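Letter by letter, the sequence shown follows residues 1 to 290 of UniProt numbering. Even for Gly, the Cβ is constructed at its ideal location relative to N, Cα and C. Only a predicted model underlies this, so the values are computations on that prediction, with no experimental measurement involved. What follows is a set of notes on a single structure, which appears directly below.
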Amino acid sequence: MNTLKINNLNLIYKNGYNAINGISLEIKNGMFGLLGPNGAGKSSLMKTIVGLQKPTSGSIEFNDIDVVQDTDYIKKNLGFLPQDFGVYPKVNAYDLLNHIAILKGVNNKVERQKQIQYLLEKVNLWNFRDKEVHTFSGGMKQRFGVAQALLGDPKIIIVDEPTAGLDPEERNRFNTLLSDISSEVVVILSTHLVEDVKNLCSEMTIMNKGRILKTGKPKELIEDLEGKIWSKFIDSDELEIYQSNLKVISQQLIERQLQITVFSPTQPEGFSPVEPILEHVYFNVLSQNS
Ligand SMILES: Nc1ncnc2c1ncn2[C@@H]1O[C@H](COP(=O)(O)OP(=O)(O)O)[C@@H](O)[C@H]1O
Ligand SMILES: [Mg+2]
Numbered sequence: 001m002n003t004l005k006i007n008n009l010n011l012i013y014k015n016g017y018n019a020i021n022g023i024s025l026e027i028k029n030g031m032f033g034l035l036g037p038n039g040a041g042k043s044s045l046m047k048t049i050v051g052l053q054k055p056t057s058g059s060i061e062f063n064d065i066d067v068v069q070d071t072d073y074i075k076k077n078l079g080f081l082p083q084d085f086g087v088y089p090k091v092n093a094y095d096l097l098n099h100i101a102i103l104k105g106v107n108n109k110v111e112r113q114k115q116i117q118y119l120l121e122k123v124n125l126w127n128f129r130d131k132e133v134h135t136f137s138g139g140m141k142q143r144f145g146v147a148q149a150l151l152g153d154p155k156i157i158i159v160d161e162p163t164a165g166l167d168p169e170e171r172n173r174f175n176t177l178l179s180d181i182s183s184e185v186v187v188i189l190s191t192h193l194v195e196d197v198k199n200l201c202s203e204m205t206i207m208n209k210g211r212i213l214k215t216g217k218p219k220e221l222i223e224d225l226e227g228k229i230w231s232k233f234i235d236s237d238e239l240e241i242y243q244s245n246l247k248v249i250s251q252q253l254i255e256r257q258l259q260i261t262v263f264s265p266t267q268p269e270g271f272s273p274v275e276p277i278l279e280h281v282y283f284n285v286l287s288q289n290s
């Protein structure tokens, strides 16, 4: 079992912006969802975990090794798919993986060939191994990104908004691939899409403005809202009144009628009960802290 322990982490950028504000988390093998809107601090947190930037204070330990002081250990055991992979050099997929494998310390040539073939087959790119990566579609690039992240048998895999720009089918395939891997290693997936977390992650956290707002198992967080979510069709000019009296967590136009969904421990007059879903958890937490 691998364990990542983050304790009271703070990151203040040079311009004074406090992007990570007292974050503590313990993450074990399996798929962990880091969910939050744009600007929440997800990429800042991930870049700090992988050692691309030092925190202002606090600690990060991976398998009891302080990875802020000693970045070698996590780098050696890490697969990272950054949000912005940047520019691909003009070499084919196979050669690029070979190059990355060497950088990751897979020194044995036969072992390297074996891993590259296995991974290219796993991400359905073996038939495209002779094509240059910059000519790939968005989905193929992301799958290539996963293959490079998996080289060298990492113990921790960190993927930052990996499904952005993928069509629904590519997204599904990509998510399934990640979840297949995740039983043996720590996988941290950052996303602003509830959908990505819903079916895949055994644990999740919701963050915004550099803080953790809620952590738990998706199923349990949903169960906590049982009997507390209600909806009603209203006239759109009544919205403000409802917003001032109730906690409105979402609103939706259905056939030109406005339906609002609210969080309330007891049934508000005229409202019907709604079976809670993960979106309700997310919007409820965010509306408490915006
Ligand atoms: N190098 C930087 N210097 C100053 N502020 C930054 C820097 N990088 C990110 N930020 C700010 O930190 C906040 C969090 O950004 P980021 O971690 O990219 O969030 P997310 O990945 O959740 O969208 C944003 O307000 C962003 O503008
Ligand atoms: Mg980001």
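1) On the CB-based measure, 16 or more other CB atoms within 10 Å of its CB, does I102 come out buried or exposed?
2) Apply the 10 Å Cβ neighbour rule to Q267 and answer buried if 16 or more other Cβ atoms are within range, or exposed otherwise.
3) With respect to 8 Å, is the separation between the Cβ of Q83 and the closest non-hydrogen atom of ligand 2 below this value?
4) Quick check: is any heavy atom of ligand 1 less than 8 Å from the C-beta of E223?
5) Contact between the segment 238-255 and the segment 197-216: three or more CB pairs below 8 Å?
6) Thinking C-alpha only, which one of F144, F85, E220, T56 is nearest A12?
7) I'd like to confirm something about S44: is its beta-carbon nearer than 8 Å to some heavy atom of ligand 1, or not?
8) I want to check one thing, is the minimum distance from the CB of G58 to the heavy atoms of ligand 1 below 8 Å?
9) Whose C-beta lies closer than 6 Å to the C-beta of L4 among residues of the same chain, with five residues either side of it excluded?
10) Between which two residues does the alpha helix (DSSP H) containing E195 stretch?
11) Note the first and the last residue of the continuous beta strand (DSSP E) segment covering I277.
12) So residue 332 is in the alpha helix (DSSP H); what residue range does that whole segment cover?
13) Could you tell me the boundaries of the alpha helix (DSSP H) in which K47 lies?
14) Three Cβ pairs or more, each shorter than 8 Å: is that satisfied between the segment 70-82 and the segment 151-171?
15) Should the segment 27-44 be called in touch with the segment 58-75, which here means at least 3 C-beta pairs below 8 Å?
16) For Q69 and Y17, I'd like the C-alpha separation in whole angstroms.
17) May I ask you to check if the CB of S190 is nearer than 8 Å to at least one heavy atom of ligand 1?
18) The alpha helix (DSSP H) spanning Q243 covers which residue range?
19) Leaving out five residues before and five after P218 in sequence, what residues of the same chain have Cβ atoms less than 6 Å from its Cβ?
20) Please work out which residues of its chain come closer than 8 Å, Cβ to Cβ, to S272, disregarding the five sequence neighbours upstream and downstream, and give them in chain order.
21) Just to confirm, does K14 get its C-beta within under 8 Å of one of the non-hydrogen atoms of ligand 1?
22) How close, in whole Å, do the beta carbons of K214 and P265 come, if the pair is a contact with beta carbons under 8 Å?
23) Does DSSP put L119 in a helix, in a strand, or in coil?
Considering the structure as presented:
1) Along the sequence shown, read from residue 1 onward, the residue named residue 102 stands at position 102. I102 is exposed by the Cβ-count criterion.
2) Locating residue 267 in the sequence shown gives position 267, where the first residue counts as 1. Q267 is exposed by the Cβ-count criterion.
3) As a first step, residue 83 is located in the sequence shown; it is residue number 83 there, counting from the start. Yes, the Cβ of Q83 comes within 8 Å of a heavy atom of ligand 2.
4) Residue mapping note: residue 223 aligns to position 223 of the sequence shown, counting from 1. Checking the Cβ of E223 against ligand 1 gives no.
5) no
6) On the sequence shown, position 12 is the one that residue 12 refers to. As written in the sequence, residue 12 is Ile, which differs from the Ala given in the question. It is T56 whose Cα lies nearest to the Cα of I12.
7) Residue numbering aside, residue 44 sits at position 44 when the sequence shown is read from its first letter. Answer for S44: yes, Cβ within range of ligand 1.
8) Start at 1 with the first residue of the sequence shown, and residue 58 comes out as number 58. No, ligand 1 has no heavy atom inside 8 Å of this Cβ.
9) Position 4 of the sequence shown, counting from 1, holds the residue named residue 4. For L4, where only same-chain residues beyond five positions count, the Cβ hits under 6 Å are I27, F62, V186.
10) Taking the sequence shown and counting its residues from 1, the one referred to as residue 195 is at position 195. First-last of the alpha helix (DSSP H) with E195: 194-198.
11) Taking the first residue of the sequence shown as position 1, residue 277 is located at position 277. No beta strand (DSSP E) contains I277, which DSSP labels as neither H nor E.
12) Because the chain spans 1 through 290 in this model, residue 332 falls outside it and cannot be assessed.
13) Residue numbering aside, residue 47 sits at position 47 when the sequence shown is read from its first letter. 42-49 is the span of the alpha helix (DSSP H), which, as asked, contains K47.
14) yes
15) No contact exists between the segment 27-44 and the segment 58-75.
16) As a first step, residue 69 is located in the sequence shown; it is residue number 69 there, counting from the start. As a first step, residue 17 is located in the sequence shown; it is residue number 17 there, counting from the start. When rounded, the distance between both Cα atoms is 23 Å.
17) Numbered from its first residue, the sequence shown carries residue 190 at position 190. Flag set: Cβ of S190 near ligand 1.
18) Within the sequence shown, numbered from 1, the residue matching residue 243 stands at position 243. Segment 239-245, the alpha helix (DSSP H) holding Q243.
19) Indexing the sequence shown from 1 puts residue 218 at position 218. Same-chain partners within the cutoff: M204, L278.
20) As a position in the sequence shown, residue 272 is number 272, starting the count at 1. Result list for S272: W230, S231, K232, in chain order.
21) Counting from 1 along the sequence shown, the entry for residue 14 is found at position 14. Correct: K14 has its Cβ closer than 8 Å to ligand 1.
22) Counting from one through the sequence shown, the residue named residue 214 turns up at place 214. Counting from one through the sequence shown, the residue named residue 265 turns up at place 265. About 17 Å separates the Cβ atoms of K214 and P265, ruling out a contact at the 8 Å cut-off.
23) For the purposes of this step, residue 119 is taken as residue 119 along the sequence shown, with counting starting at 1. Here L119 sits in helix by DSSP.
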